[in-house]
Every structure is written in structure tokens, then in C-alpha cells.
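Participant:
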Amino acid sequence: MSARSTPEVRRDRPVGADPVRVRPRTRAVAAALAGAAVLVQMAFPFTDGGTLALTAASVLLLAAAAVTHAASVAGPLPAAVLLVVAGGVGLVAEAVGVRTGFPFGDYAYTGTLGLEVLGVPALVPLAWVMMTWPALLVARRLIGAAGRHRRLATALVGAWALTAWDVFLDPQMVDQGHWTWAHPTPGLPGVDGIPLTNFAGWLVVSLVLVAAMDRLLPRTASDLRVDGVAVGVYLWTFFSSVLAHAAFFGRPPVALVGAVAMGVVAVPLVRHVVREVREVRARRGVHRG
223 MSARSTPEVR RDRPVGADPV RVRPRTRAVA AALAGAAVLV QMAFPFTDGG TLALTAASVL
283 LLAAAAVTHA ASVAGPLPAA VLLVVAGGVG LVAEAVGVRT GFPFGDYAYT GTLGLEVLGV
343 PALVPLAWVM MTWPALLVAR RLIGAAGRHR RLATALVGAW ALTAWDVFLD PQMVDQGHWT
403 WAHPTPGLPG VDGIPLTNFA GWLVVSLVLV AAMDRLLPRT ASDLRVDGVA VGVYLWTFFS
463 SVLAHAAFFG RPPVALVGAV AMGVVAVPLV RHVVREVREV RARRGVHRG
């Protein structure tokens with residue numbers, strides 16, 4: 223094996239983190255997939271919220287980026303666990319939801335999202351995969367590796383991070399006609415057409431999912447060289463969603479409410495990233511001196 227293809231071993235990890243063998247080439251593929259998804263999403267505002275082809279490409283690319291990134295920092299088996307468990311939990315929750323109204327409320331898919339499995343568009347469980355991984359890594363970064371109630375705190379922050387994203391997602395998908403709600407009220411102020419039961423259901427499912435992922439997937443270092451792809455995806459989703467709803471989708475109130483909800487996680491995350499970048503620059507300055 224050549225020096226170039228040897229996995230990079232990260233040893234300066236926080237207390238409580240598992241050994242991490244970062245695979246630079248695989249991580250580069252994950253970054254490329256995420257970048258391609260960003261380019262696809264940038265076309266959404268010019269197609270009145272996105273076509274089926276753009277929506278499918280966005281979800282597939284981001285789901286592939288999440289699984290590939292997990293493989294790059296945790297290994298092939300954890301990446302497979304992410305795909306199977308996150309996708310499986312998402313599929314089961316949605317399949318039960320469309321049949322019983324639990325836990326999200328009474329809703330129905332309209333058949334506009336392509337291939338369906340158990341009455342659920344195949345893109346939907348992949349959407350759970352694509353955002354569960356960033357939500358988990360962001361929560362781990364914000365909570366840290368130490369603390370008596372670390373796992374509970376990680377699950378709560380991760381569940382909020384995942385649910386807050388749906389404040390942006392659901393109005394966009396409803397406006398595009400991909401699913402409908404039988405009883406869209408009462409809802410969040412400014413987020414018309416989406417019942418509160420939906421977000422309550424998201425919190426419950428997300429809490430179970432993030433808690434399971436935190437147990438099953440090895441803890442990696444909170445270092446931008448390790449988790450940068452996932453952190454970047456989460457922050458891009460936050461800023462682009464605020465802009466899209468405020469300026470292009472005709473939903474400024476959603477932009478405001480979503481900015482507050484997702485900002486609870488995104489703003490501290492930005493502070494973490496800025497602080498880390500400054501620390502890295504300071505260390506480089508000391509070494510050069």
C-alpha cells in the first residue's frame with residue numbers, strides 16, 4: 223500500500239472518542255457528492271421549488287454523501303448501519319404514519335415522488351439518512367465527549383437538529399403537492415398548512431433515531447478534518463433554507479420561524495467552527511514563529 227492511500231490516523235481526539243482512521247480519498251468523495259448536491263439545490267429557486275428530477279438528485283446525492291462520509295471516518299460497517307437503521311426507522315415511521323396517522327398526524331402522499339415502498343416514496347427514508355448523520359455529528363460536537371448525561375443530551379440536541387430542518391422541508395413539499403394534511407391546524411405561527419402533530423412526531427422519531435445512532439456508531443473526533451463534510455451540509459441546509467423561503471418560495475414567515483428553530487443548533491455550531499478555525503490558525507502561527 224502506498225503512502226498516499228494509507229488511511230490517516232487521527233490521535234488528537236477528545237476523551238471518550240473511539241480511534242478514528244480517516245480515509246482521505248473516501249472523505250474527498252463524500253465532499254464531492256455533497257458539493258454536487260449543493261449545485262443541484264441552487265437550481266431549485268429557478269424551478270418554482272424543484273422538479274422531481276432535482277429533488278431526487280438532491281436526496282440521492284446527500285444520502286450518498288452521508289453514507290460515504292460515515293465510511294470515511296468510521297468504516298464500512300458503521301456506514302451500512304447508518305443506511306439500514308436510519309433508512310429503516312424512517313421507512314417504518316412513515317409507513318405507519320400514512321396508515322394510522324401516528325405519530326405525525328393524518329397525511330397522505332400524492333404519488334408525485336416516484337417509486338414507493340410500503341406506500342412511502344423511496345426518497346423519504348433516504349432523506350432521513352441524509353440528515354440523520356449530520357444531525358448526529360453536530361449534536362456530538364456541541365455536547366462534547368464527557369459528561370454524565372452525554373448520551374441523553376446528544377439525543378435531545380440531535381433530535382431538535384433533525385426536527386428543526388422539517389420546519390423548512392414540510393412547507394416546501396406541501397407547496398409542491400408531494401403530500402397533503404387532512405387537518406393542517408393548529409400549526410406553528412407562520413408555518414401554515416403543517417400541523418403541530420407533525421413536528422411532535424418528528425421529535426419522537428428523531429429522538430429514537432439519534433439515540434440509536436449514538437449507541438451504534440463509533441464516536442469520532444469533533445475536528446473539521448473529520449466531521450467537516452457533515453457540519454458543512456448542516457450549515458448549508460440552514461442558510462440556504464432561510465434564503466430560499468425568504469426570497470424565492472414566497473414563505474418569509476417560514477424563513478423566520480425556521481431560522482429561529484434551526485438556529486438554536488446552527489448558531490452555536492457556527493461559533494464552534496469559527497473558534498476551531500481561529501485555534502488552528504493560531505497554532506500554525508506559533509509553529510511558523
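Residue numbers (the numbering used here): 223 to 511.
Cβ atoms here follow ideal geometry from the backbone N, Cα and C, with glycine treated the same way.
Note that the coordinates shown come from a computational prediction; the quantities given were computed from them, not determined experimentally.
Scan the segment 278 to 306 and note each continuous alpha helix (DSSP H) run of 4 residues or more that stays entirely inside, going in chain order.
Facilitator: Correct list: 298 to 303.
Participant: Using the rule of at least 16 other Cβ atoms within 10 Å of the residue's Cβ for burial, across every protein chain shown, is Val496 buried or exposed?
Facilitator: Here residue 496 is taken as the residue at index 274 of the sequence shown, counted from 1. Exposed, because fewer than 16 other Cβ atoms sit within 10 Å of the Cβ of Val496.
Participant: Do you know offhand how far Val339's Cα is from Ala367's?
Facilitator: The residue labelled residue 339 in the question sits at position 117 within the sequence shown. The residue labelled residue 367 in the question sits at position 145 within the sequence shown. Roughly 38 angstroms separates the two Cα atoms.
Participant: Return helix, strand or coil for Pro408, following the three-state DSSP convention.
Facilitator: For the purposes of this step, residue 408 is taken as the residue at position 186 of the sequence shown. Residue state, collapsed to three classes: coil.
Participant: Excluding sequence positions up to five away, which residues of its chain have a Cβ less than 8 angstroms from the Cβ of Leu418?
Facilitator: Locating residue 418 in the sequence shown gives position 196, where the first residue counts as 1. Excluding residues within five positions, the ones whose Cβ falls inside 8 angstroms are Pro408, Gly409 and Leu410.
Participant: Looking at the structure shown, is Thr248 part of a helix, part of a strand, or coil, going by DSSP?
Facilitator: Residue mapping note: residue 248 aligns to position 26 of the sequence shown, counting from 1. Three-state result, Thr248: helix.
Participant: Tell me which residue opens and which closes the alpha helix (DSSP H) that Glu434 is part of.
Facilitator: Here residue 434 refers to the residue found at position 212 when the sequence shown is read from its first residue. The amino acid at residue 434 is misidentified as Glu; the sequence shows Ala. Here the alpha helix (DSSP H) through Ala434 covers Leu418 to Leu438.
Participant: Below 8 angstroms, can you find three or more Cβ-Cβ pairs linking the segment 302 to 322 to the segment 261 to 277?
Facilitator: As far as the Cβ criterion goes, the segment 302 to 322 does not touch the segment 261 to 277, which means the pair count is below three.
Participant: For Asp234, which of helix, strand or coil comes out of DSSP?
Facilitator: Locating residue 234 in the sequence shown gives position 12, where the first residue counts as 1. For Asp234, the predicted structure reports a pLDDT of 39, less than 50, and the residue's modelled location is therefore unreliable. The matter cannot be settled from this model.
Participant: For the candidate residues Gln394, Ser428 and Leu457, whose alpha-carbon lies nearest to that of Met484?
Facilitator: By 1-based counting over the sequence shown, the position of residue 484 is 262. Closest by alpha carbon: Leu457.
Participant: Given Gly327, which residues of its chain have a CB within under 6 angstroms of its CB, disregarding the five upstream and five downstream residues?
Facilitator: The residue given as residue 327 occupies position 105 in the sequence shown. Once the five neighbours on either side are set aside, the close Cβ partners of Gly327 are Pro417, Thr419 and Asn420.
Participant: If you draw a straight line from the C-alpha of Ala381 to the C-alpha of Phe324, how long is it?
Facilitator: Numbered from its first residue, the sequence shown carries residue 381 at position 159. Numbered from its first residue, the sequence shown carries residue 324 at position 102. About 18 angstroms.
Participant: Go through its chain and collect everything with a Cβ distance to Ile365's Cβ below 7 angstroms, but skip five positions before and after it.
Facilitator: Numbered from 1 along the sequence shown, position 143 holds the residue referred to as residue 365. The answer, listed in chain order, is Arg372, Ala375, Thr376 and Val379.
Participant: Taking its Cβ as the centre, do 16 or more other Cβ atoms sit within 10 Å of Thr354, making it buried, or is it exposed?
Facilitator: Here residue 354 corresponds to residue number 132 of the sequence shown, with the count starting at 1. Thr354 comes out buried.
Participant: Skipping 5 residues on each side, what residues in its chain have a beta carbon closer than 6 angstroms to that of Leu425?
Facilitator: Here residue 425 corresponds to residue number 203 of the sequence shown, with the count starting at 1. Taken in chain order, the residues that qualify are Ala381 and Thr385.
Participant: Between the Cα of Val303 and those of Pro440, Gly336 and Ala469, spot the shortest distance and give me the residue it belongs to.
Facilitator: For this step, residue 303 is matched to residue 81 along the sequence shown. Minimum Cα distance to Val303 is reached at Pro440.
Participant: Apart from the five residues just before and just after Ala285, which ones in its own chain have a Cβ nearer than 7 angstroms to its Cβ?
Facilitator: Position 63 of the sequence shown, counted from the first residue, corresponds to residue 285. Result list for Ala285: Leu348, Val351 and Met352, in chain order.
Participant: What are the boundary residues of the alpha helix (DSSP H) that includes Thr376?
Facilitator: Counting from one through the sequence shown, the residue named residue 376 turns up at place 154. That run of the alpha helix (DSSP H) goes Arg372 to Asp397.
Participant: According to DSSP, simplified to helix, strand and coil, what is Pro475?
Facilitator: Within the sequence shown, the letter at position 253 stands for residue 475. Of the three classes helix, strand and coil, the one that applies to Pro475 here is helix, per DSSP.
Participant: Buried or exposed, going by whether 16 or more other CB atoms sit within 10 Å of the CB of His405?
Facilitator: Along the sequence shown, read from residue 1 onward, the residue named residue 405 stands at position 183. Exposed is the call here.
Participant: Should His400 go down as buried or exposed, given a rule of 16 or more other Cβ atoms within 10 Å for buried?
Facilitator: Here residue 400 is taken as the residue at index 178 of the sequence shown, counted from 1. Under this definition His400 is a buried residue.
Participant: Where does Ala357 fall in DSSP's three states?
Facilitator: Counting from 1 along the sequence shown, the entry for residue 357 is found at position 135. Helix, per DSSP.
Participant: Taking the alpha-carbon positions, what's the Leu491 to Ala452 distance?
Facilitator: Reading the sequence shown from its first residue, position 269 is the one you call residue 491. Reading the sequence shown from its first residue, position 230 is the one you call residue 452. For Leu491 and Ala452, the distance between alpha carbons rounds to 12 angstroms.
Participant: For Ala330, write down the residues that DSSP places opposite it in a beta bridge.
Facilitator: On the sequence shown, position 108 is the one that residue 330 refers to. For Ala330, which the question treats as bridged, DSSP gives the partners Thr402.
Participant: List the whole-angstrom C-beta distance separating Gly319 from Gly415, where the pair is believed to meet the contact cut-off of C-beta under 8 angstroms.
Facilitator: Mapped onto the sequence shown, residue 319 falls at position 97. Mapped onto the sequence shown, residue 415 falls at position 193. So it is not a contact: roughly 17 angstroms between Cβ atoms.
Participant: Given this structure, state the Cα-to-Cα distance separating Pro246 from Thr322, to the nearest angstrom.
Facilitator: Against the sequence shown, residue 246 aligns to sequence position 24. Against the sequence shown, residue 322 aligns to sequence position 100. Approximately 45 angstroms between the Cα atoms of the pair.
Participant: Mind checking who Glu338 pairs with in its DSSP beta bridge?
Facilitator: Translated into the one-based positions of the sequence shown, residue 338 becomes position 116. DSSP, once it has assigned bridges, lists Pro343 as partnering Glu338.
Participant: With DSSP as the reference, label Ser462 as helix, strand or coil.
Facilitator: Counted from its first residue, the sequence shown places residue 462 at position 240. Note: Ser462 maps to helix in three-state DSSP.
Participant: Could you tell me the alpha carbon to alpha carbon distance between Asp397 and Leu335, rounded to whole angstroms?
Facilitator: Within the sequence shown, the letter at position 175 stands for residue 397. Within the sequence shown, the letter at position 113 stands for residue 335. Rounded to the nearest angstrom, the two C-alpha atoms are 14 angstroms apart.
Participant: Roughly how many whole angstroms lie between the Cα atoms of Val487 and Gly333?
Facilitator: As a working mapping, residue 487 is identified with position 265 in the sequence shown. As a working mapping, residue 333 is identified with position 111 in the sequence shown. Their backbone Cα atoms lie some 33 angstroms apart in a straight line.
Participant: Note the first and the last residue of the continuous alpha helix (DSSP H) segment covering Gly309.
Facilitator: Here residue 309 refers to the residue found at position 87 of the sequence shown. Here the alpha helix (DSSP H) through Gly309 covers Gly309 to Thr322.
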